[in-house]
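K.L.:
When the letters of the sequence shown are read in order and numbered with the numbering used here, they come out as residues 68 to 386.
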Amino acid sequence: MSPSNKSWDQVPDAHKVPFAWLDGACVPAEQAVVPIMAYTLHYGLGAFEGIRAYDGDKGPAVFRLVEHVERLFRSTKLVRMEIPFSVAEVVKGCTDVLAKNGMRAGYLRPIAFVDDGKRGLGAMNNRVRVAVATWPWGAYLGDEGIKRGIRASVSSTTRMNTRSFMPKGKINGQYVNSILAKRAAVLAGFDEAIMLDDDGFIAEATGENIFLVKGGAVITPPLSQPILEGITRDSVIQLAREMGLEVREERFGKDTLLLADEVFFTGTAAEVTPVREIDSVTIGAGSCGPVTEKIQARYFDAVNGRVPSRMSWLTPFTV
68 MSPSNKSWDQ
78 VPDAHKVPFA
88 WLDGACVPAE
98 QAVVPIMAYT
108 LHYGLGAFEG
118 IRAYDGDKGP
128 AVFRLVEHVE
138 RLFRSTKLVR
148 MEIPFSVAEV
158 VKGCTDVLAK
168 NGMRAGYLRP
178 IAFVDDGKRG
188 LGAMNNRVRV
198 AVATWPWGAY
208 LGDEGIKRGI
218 RASVSSTTRM
228 NTRSFMPKGK
238 INGQYVNSIL
248 AKRAAVLAGF
258 DEAIMLDDDG
268 FIAEATGENI
278 FLVKGGAVIT
288 PPLSQPILEG
298 ITRDSVIQLA
308 REMGLEVREE
318 RFGKDTLLLA
328 DEVFFTGTAA
338 EVTPVREIDS
348 VTIGAGSCGP
358 VTEKIQARYF
368 DAVNGRVPSR
378 MSWLTPFTV
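If you want it as structure tokens, here you go:
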């Protein structure tokens, strides 16, 4: 199901992948370095994406590559960064670096960052640079988690509200909010954390959108909440509706979540990962539920080129 047998904590050093794409060209990875005075390193001003390539039935292809790169450009617009490349150029950079590294499957990390130059919080017009790293990555929450489900906790760290951050963007510094929740959950023995919004409703996990299943209906928080407009979330909604499932976008609290028949996370890294337990309360039968299993299977069919109506989601490349 996942692109390699390497788990998330076995990610190789970037220098072990021979090439990266930097500022318009593939270069040796050891040359793709950031100056110590780079503005992004000091202040967290930057934007990134996470994208997967799969070695599918019809050959290697990147899943929803254009949509991911377009979101990168939206993210930089939100923080007034101007990428000096077109969407098409960054898309080509992603497929070029996979091919250059001889990778038929893997994870892509495009990142737009601000270089050295003027300092201080009000500094403007420093050079914006773009890099794309790639490496083999397996299931974010583990191969066993994909099959059996994971254990999560509801975090005491709330999701920042839209008065304080811009949830529609994958902006570097904003992820400290998620890191705090994730670390606390892992230290407490859980696999992942679920975050509430300021009103006490379920928002999302630290790096994933969240869905529940109740009475056969699939329910997920609406985009009006402080959540990422996830591309995998959108893919799952479309696929589930194609399968004849009822999908609703509505707010719900922790009590509704704990009483759900099934719960699952979605994300480029997490793919479709079932949640079997939340705060030591067993969800449903305590395993991957039947609706989740069907959605998960359909999702993996789509990313591997087995859904004819969704071939437009795939960008093929040659190794």
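By construction, the Cβ of each residue, glycine as well, lies at the ideal position given by its N, Cα and C atoms.
By the 10 Å Cβ neighbour count, where 16 or more other Cβ atoms means buried, how is H82 classified, buried or exposed?
P.N.:
To locate residue 82, count along the sequence shown from 1; it is residue 15. Low confidence applies here, because H82 scores a pLDDT of 47, under 50, leaving its location unreliable; read the following figure in that light. Exposed, since its Cβ has fewer than 16 Cβ neighbours within 10 Å.
K.L.:
In angstroms, rounded to a whole number, what distance separates the CA positions of D264 and V339?
P.N.:
Position 197 of the sequence shown holds residue 264. Position 272 of the sequence shown holds residue 339. When only Cα atoms are considered, D264 and V339 end up about 23 Å apart.
K.L.:
Tell me which same chain residues have a C-beta within less than 7 Å of the C-beta of E360, skipping the five on either side of it?
P.N.:
Here residue 360 refers to the residue found at position 293 when the sequence shown is read from its first residue. So the list is empty, once near-sequence residues are dropped.
K.L.:
Give the straight-line distance between the Cα atoms of P234 and G113, rounded to the nearest whole angstrom.
P.N.:
Sequence index remark: in the sequence shown, residue 234 carries index 167 (1-based). Sequence index remark: in the sequence shown, residue 113 carries index 46 (1-based). Answer to the nearest angstrom: the Cα atoms are 14 Å apart.
K.L.:
Three or more C-beta pairs closer than 8 Å, one from the stretch 347 to 363 and one from the stretch 215 to 231: is that the case here?
P.N.:
yes
K.L.:
If D163 sits next to C93, beta carbons under 8 Å apart, how far is it from one beta carbon to the other, in whole angstroms?
P.N.:
As a first step, residue 163 must be located in the sequence shown, where it is residue number 96. As a first step, residue 93 must be located in the sequence shown, where it is residue number 26. Right, the Cβ-Cβ distance comes to about 6 Å (below 8 Å), so this counts as a contact.
K.L.:
What alpha helix (DSSP H) runs, 4 residues minimum, are completely inside the stretch 186 to 251?
P.N.:
Counting only runs of 4 or more, we get 210 to 215.
K.L.:
Tell me whether the stretch 217 to 230 and the stretch 105 to 121 touch, counting them as touching only if at least three CB pairs, one residue from each stretch, are closer than 8 Å.
P.N.:
Contact between the stretch 217 to 230 and the stretch 105 to 121 is not established, with fewer than three Cβ pairs separated by less than 8 Å.
K.L.:
Would you kindly work out how many angstroms separate the C-alpha atoms of A270 and L290, rounded to a whole number?
P.N.:
Here residue 270 is taken as the residue at index 203 of the sequence shown, counted from 1. Here residue 290 is taken as the residue at index 223 of the sequence shown, counted from 1. Going by the C-alpha atoms only, they are around 9 Å apart.
K.L.:
To the nearest angstrom, report how far apart R230 and E149 are at their CA atoms.
P.N.:
Residue 230 sits at position 163 when you count from the first residue of the sequence shown. Residue 149 sits at position 82 when you count from the first residue of the sequence shown. R230 and E149 have their C-alpha atoms spaced approximately 23 Å apart.
K.L.:
Within the same chain, show all residues whose beta-carbon is closer than 8 Å to that of I298, passing over the 5 residues directly before and after it, in chain order.
P.N.:
Within the sequence shown, numbered from 1, the residue matching residue 298 stands at position 231. Same-chain partners within the cutoff: R131, E134, H135, R138, T335.
K.L.:
How big is the Cα-Cα spacing for A337 and M262?
P.N.:
Position 270 of the sequence shown, counted from the first residue, corresponds to residue 337. Position 195 of the sequence shown, counted from the first residue, corresponds to residue 262. Spanning the two alpha carbons is a distance of roughly 16 Å.
K.L.:
Just the C-alpha distance for V146 and N192, rounded to the nearest angstrom, thanks.
P.N.:
Indexing the sequence shown from 1 puts residue 146 at position 79. Indexing the sequence shown from 1 puts residue 192 at position 125. Those two C-alpha atoms are separated by around 12 Å.
K.L.:
Taking Cβ to Cβ, would you say A105 is nearer than 9 Å to T201?
P.N.:
Position 38 of the sequence shown, counted from the first residue, corresponds to residue 105. Position 134 of the sequence shown, counted from the first residue, corresponds to residue 201. No, Cβ-Cβ distance for A105 and T201 is not below 9 Å.
K.L.:
Grab the span of the alpha helix (DSSP H) containing G160 for me, first residue to last.
P.N.:
Along the sequence shown, one-based indexing puts residue 160 at 93. Here the alpha helix (DSSP H) through G160 covers 154 to 167.
K.L.:
Below 8 Å on the Cβ atoms is my guess for R318 versus Q292; work out the distance and round it to an integer in Å.
P.N.:
The residue labelled residue 318 in the question sits at position 251 within the sequence shown. The residue labelled residue 292 in the question sits at position 225 within the sequence shown. Confirmed, about 7 Å.
K.L.:
Can you check the stretch 87 to 117 for any beta strand (DSSP E) of at least 3 residues that lies completely inside it and give the ranges in chain order?
P.N.:
92 to 95, 113 to 115
K.L.:
Nearest by alpha-carbon distance to I286: which of S245, F257, F332 is it?
P.N.:
One-based indexing of the sequence shown puts residue 286 at position 219. Checking every option, the nearest Cα to that of I286 belongs to F332.
K.L.:
If we count the other Cβ atoms within 10 Å of its Cβ and call it buried at 16 or more, is A190 buried or exposed?
P.N.:
Stepping through the sequence shown from its first residue, residue 190 is reached at position 123. Result: exposed.
K.L.:
Here's the rule I'm using: 16 or more other beta-carbon atoms within 10 Å means buried, otherwise exposed. How should V393 be labelled?
P.N.:
Look at the range of the chain in this structure, 68 to 386, and you will see that residue 393 is not part of it.
K.L.:
Does the beta-carbon distance from A128 to L381 come in below 9 Å?
P.N.:
Numbered from its first residue, the sequence shown carries residue 128 at position 61. Numbered from its first residue, the sequence shown carries residue 381 at position 314. The answer is yes: Cβ separation under 9 Å.
K.L.:
Please name the residue, chosen from F268, K321, A120, that lies closest to P203 on a Cα-to-Cα basis.
P.N.:
Residue mapping note: residue 203 aligns to position 136 of the sequence shown, counting from 1. Looking at the Cα atoms, A120 is the closest of the given residues.
K.L.:
If we ignore side chains and look at the alpha-carbon of each, how far apart do L306 and F140 end up?
P.N.:
Position 239 of the sequence shown, counted from the start, is the residue given in the question as residue 306. Position 73 of the sequence shown, counted from the start, is the residue given in the question as residue 140. Near 26 Å, if we compare the C-alpha coordinates of F140 and L306.
K.L.:
Based on the DSSP secondary-structure assignment, which residues constitute the bridge partners of D122?
P.N.:
Sequence index remark: in the sequence shown, residue 122 carries index 55 (1-based). BP columns for D122 point to P127.
K.L.:
Between R308, G274, L165, which lies nearest to A284 when the distance is taken from Cα to Cα?
P.N.:
As a first step, residue 284 must be located in the sequence shown, where it is residue number 217. Out of R308, G274, L165, R308 has the C-alpha closest to the C-alpha of A284.
K.L.:
Report the CB separation of I362 from V303 in whole angstroms; it is logged as a contact under 8 Å.
P.N.:
Here residue 362 refers to the residue found at position 295 when the sequence shown is read from its first residue. Here residue 303 refers to the residue found at position 236 when the sequence shown is read from its first residue. So it is a contact: roughly 6 Å between Cβ atoms.
K.L.:
Could you check the C-alpha separation between R250 and R226 for me, to the nearest Å?
P.N.:
Residue 250 sits at position 183 when you count from the first residue of the sequence shown. Residue 226 sits at position 159 when you count from the first residue of the sequence shown. Each residue's alpha carbon lies about 15 Å from the other.
K.L.:
What residue does the beta strand (DSSP E) around K281 start on, and which one ends it?
P.N.:
Position 214 of the sequence shown, counting from 1, holds the residue named residue 281. DSSP places K281 inside the beta strand (DSSP E), whose first and last residues are 276 to 281.
K.L.:
Which whole runs of the alpha helix (DSSP H) in the stretch 294 to 336 are 4 residues long or more, in chain order?
P.N.:
298 to 309, 321 to 325
K.L.:
Write down the C-beta distance between E329 and L279 rounded to the nearest angstrom, noting that I regard them as a contact closer than 8 Å.
P.N.:
Here residue 329 corresponds to residue number 262 of the sequence shown, with the count starting at 1. Here residue 279 corresponds to residue number 212 of the sequence shown, with the count starting at 1. Contact holds; Cβ gap of about 7 Å.
K.L.:
According to DSSP, simplified to helix, strand and coil, what is R147?
P.N.:
Residue numbering aside, residue 147 sits at position 80 when the sequence shown is read from its first letter. Reduced to three states, the DSSP call for R147 is coil.
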